[in-house]
Amino acid sequence: MSKTISTLISQKTNFWLDHQPVRYVNKETKFDPNNFVRFDLGEWISTCSPKAKEVFQNLKASDLQEYPDPNATELKNAIADRFGISPEMITPSSGTDELIDTLPRLLLSEGDRAVIIRPTFFRFGEATSREGGGIIKVDTNLENHFEFDESIARQVIKQSHQPKTNIVWLCNPNNPTGQIISSELIEWVITESKAFVIVDEVFSGLLDPTSTNKTLELAKTHQNVLFLRSLSKVDGLSAIRIGWGIGHPKTIELIEKWRLPFSTSTLAQKIAIAALQDTKHTAHVRNLITEERKFLEEQINQIPGLELITGSQANIFLLRHQQKDLFQQLFQRGILVADFRQADGLENMGFVRITVQDRNKNLQLLSALQQL
Numbered sequence: 026m027s028k029t030i031s032t033l034i035s036q037k038t039n040f041w042l043d044h045q046p047v048r049y050v051n052k053e054t055k056f057d058p059n060n061f062v063r064f065d066l067g068e069w070i071s072t073c074s075p076k077a078k079e080v081f082q083n084l085k086a087s088d089l090q091e092y093p094d095p096n097a098t099e100l101k102n103a104i105a106d107r108f109g110i111s112p113e114m115i116t117p118s119s120g121t122d123e124l125i126d127t128l129p130r131l132l133l134s135e136g137d138r139a140v141i142i143r144p145t146f147f148r149f150g151e152a153t154s155r156e157g158g159g160i161i162k163v164d165t166n167l168e169n170h171f172e173f174d175e176s177i178a179r180q181v182i183k184q185s186h187q188p189k190t191n192i193v194w195l196c197n198p199n200n201p202t203g204q205i206i207s208s209e210l211i212e213w214v215i216t217e218s219k220a221f222v223i224v225d226e227v228f229s230g231l232l233d234p235t236s237t238n239k240t241l242e243l244a245k246t247h248q249n250v251l252f253l254r255s256l257s258k259v260d261g262l263s264a265i266r267i268g269w270g271i272g273h274p275k276t277i278e279l280i281e282k283w284r285l286p287f288s289t290s291t292l293a294q295k296i297a298i299a300a301l302q303d304t305k306h307t308a309h310v311r312n313l314i315t316e317e318r319k320f321l322e323e324q325i326n327q328i329p330g331l332e333l334i335t336g337s338q339a340n341i342f343l344l345r346h347q348q349k350d351l352f353q354q355l356f357q358r359g360i361l362v363a364d365f366r367q368a369d370g371l372e373n374m375g376f377v378r379i380t381v382q383d384r385n386k387n388l389q390l391l392s393a394l395q396q397l
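Under this note's numbering, the first residue of the sequence shown is numbered 26, with each subsequent residue one higher.
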């Protein structure tokens with residue numbers, strides 16, 4: 026009997042289909058997300074770098090006709106200049122999703138395992154499961170506001186020593202809590218782990234660069250770690266799908282052998298280079314988001330019945346109502362938030378994830394919360 030695609034992939038799943046952001050009208054349910062004030066997407070709604078827009082407006086026909094530089098040399102140089110590292114420490118990717126998908130294929134065989142801290146970004150578990158990998162769960166707890174502390178780090182290190190454990194996934198700042206892992210704990214995990222450590226730092230653009238660049242120094246001396254970053258958050262360039270991994274040159278050399286040669290387009294590379302060079306704009310957006318997050322947190326903490334998970338340093342945070350279904354209550358009032366009521370590690374706790382928006386939208390959210 027010949028093999029068909031349905032028999033070959035019937036046991037595989039695409040978790041992204043259940044988690045992808047709602048963009049368009051659902052033809053079956055007639056649900057139109059555009060009728061809502063959106064707090065469900067992890068994007069910043071403000072404009073991107075003026076320098077990036079200028080590149081887009083000055084496109085030439087050749088930018089669309091010619092194949093991109095397969096080595097992304099100029100992009101690597103721009104990233105290296107921005108973060109004070111060498112180009113040999115960089116591997117570009119289509120967003121960070123490409124690397125999240127590729128790394129388990131390189132590091133896992135059937136029966137191998139990965140350590141995942143919960144709650145965290147769902148793509149870690151999905152990418153691991155696709156390769157037939159098992160998942161070792163290390164749970165943070167509500168009583169400690171899901172903080173990654175020394176006890177969690179100790180558990181992660183211990184589990185990394187278990188047989189056939191090849192990957193440790195970390196997210197810093199964490200999605201969905203927005204909380205950070207201290208550089209000391211990250212260094213401890215990397216130094217003591219027997220597995221390869223992948224640190225998703227997509228939200229790190231919202232942090233003080235001096236603190237985030239400190240962790241990158243670890244990639245210069247440790248071959249068992251890769252840091253993932255992108256332009257999708259503070260830089261407001263989700264659509265161009267530019268991400269990269271930062272690691273030891275020997276680590277990058279191996280990953281580059283498996284990277285698709287044209288995964289980042291000429292257009293995306295040129296826009297990314299301009300955005301990376303516009304540090305003034307990035308700093309402005311970082312300050313604006315921080316100001317709005319603090320405003321939202323201060324106002325929410327004054328509303329009875331709400332429980333906000335503290336410690337976020339990003340543009341996202343977790344929130345729930347102590348008696349009511351917060352997702353449904355906000356939905357009925359025209360506010361769409363990310364539904365984390367059954368998210369892995371948050372099952373039946375009633376949490377939603379809020380993404381910080383501009384002052385006008387934040388005031389609309391606060392008005393809805395005050396009506397509960």
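Backbone N, C-alpha and C fix where the C-beta goes; we use that ideal spot for every residue, glycine too.
- Around the beta-carbon of Asn-200, 16 or more other beta-carbon atoms lie within 10 Å, marking it buried.
- At a cut-off of 4 residues, the continuous stretches assigned as alpha helix (DSSP H) that sit fully inside the stretch 256 to 330 are 274 to 281, 291 to 302, 304 to 325.
- For Gly-159, the three-state secondary structure derived from DSSP is strand.
- Ala-368 is the residue among Ala-368, Ile-379, Val-381 whose C-alpha sits nearest the C-alpha of Glu-151.
- Of the candidates Ser-290, Val-381, Gln-347, Glu-372, the residue whose Cα lies closest to the Cα of Gln-90 is Ser-290.
- For Leu-344, the enclosing beta strand (DSSP E) covers residues 341 to 346.
- Around Ser-263, the same chain offers Glu-68, Ser-257 as residues with beta carbons nearer than 6 Å, after the five sequence neighbours per side are excluded.
- Below 8 Å, too few C-beta pairs join the stretch 201 to 216 and the stretch 151 to 160 to call them touching: fewer than three.
- Beta-carbon to beta-carbon, Asn-387 and Leu-321 are separated by about 5 Å, close enough to satisfy the 8 Å threshold.
- Going by DSSP, Phe-352 is part of the alpha helix (DSSP H) stretching over 351 to 357.
- Assignment of Thr-202 by DSSP, reduced to helix, strand and coil, places it in the coil class.
- When C-beta atoms of the stretch 71 to 86 are compared with those of the stretch 369 to 377, fewer than three pairs fall below 8 Å, so the two segments do not count as touching.
- Where Asn-385 is concerned, the enclosing alpha helix (DSSP H) starts and stops at 384 to 395.
- The beta carbon of Ile-192 lies closer than 6 Å to those of Leu-132, Ala-139, Ala-220, Phe-221 in the same chain, with the five residues before and after it left out.
- Of the candidates Pro-58, Leu-124, Ala-97, Leu-100, Leu-124 places its Cα closest to the Cα of Trp-283.
- With a cutoff of 7 Å on beta-carbon distance, Val-227 and Thr-121 are scored as near each other.
- By the criterion of a C-beta distance shorter than 8 Å, Thr-98 is surrounded in its chain by Pro-112, once the five residues flanking it on both sides are discounted.
- Spanning the alpha carbons of Pro-329 and Arg-143 requires a straight line of approximately 28 Å.
- Contact between Gln-324 and Leu-391 holds, since their C-beta atoms are separated by about 5 Å, short of 8 Å.
- Here Leu-397 has Gly-330, His-346, Lys-349, Gln-354 as same chain residues with Cβ atoms under 7 Å from its own Cβ, once five neighbours each way along the sequence are excluded.
- For Phe-252 and Trp-269, the gap between their C-alpha atoms comes out near 8 Å.
- Of Phe-287, Thr-246, Asp-260, the smallest CA-CA separation from Ile-296 is found for Asp-260.
- In the DSSP assignment, Pro-117 falls within the beta strand (DSSP E) that extends over 115 to 119.
- Residue burial annotation: Ala-308 is exposed, with fewer than 16 other C-beta atoms found within 10 angstroms of its C-beta.
- When DSSP states are grouped into helix, strand and coil, Arg-366 belongs to the coil group.
- Listed in chain order, the non-local C-beta contacts of Trp-213 below 6 Å within the same chain comprise Ala-178, local neighbours out to five positions each way being set aside.
- Within the stretch 116 to 145, the complete beta strand (DSSP E) segments of 3 residues or longer fall at 138 to 143, listed in chain order.
- The closest CA to that of Ile-267, considering only Ala-299, Arg-311, Asn-60, is found on Ala-299.
- Here the C-alpha atom of Asp-94 lies approximately 7 Å from the C-alpha atom of Phe-287.
- Ranked by how close their Cα comes to the Cα of Ser-87, the residues Arg-358, Thr-335, Leu-292, Leu-333 have Leu-292 in first place.
- When beta bridges are read from the DSSP output, Cys-196 appears opposite Asp-225.
- For Thr-380, the uninterrupted beta strand (DSSP E) segment begins and ends at 377 to 380.
- The criterion of a C-beta distance shorter than 7 Å is satisfied by Phe-342 and Gly-203.
- Take the alpha-carbon of Ser-119 and the one of Asp-126: they are about 11 Å apart.
- Between the alpha carbons of Ser-185 and Ser-255 lies a distance of about 27 Å.
- The residues Ala-393, Gln-396, in chain order, have a CB closer than 7 Å to that of Arg-358 in the same chain once the five nearest residues on each side in sequence are set aside.
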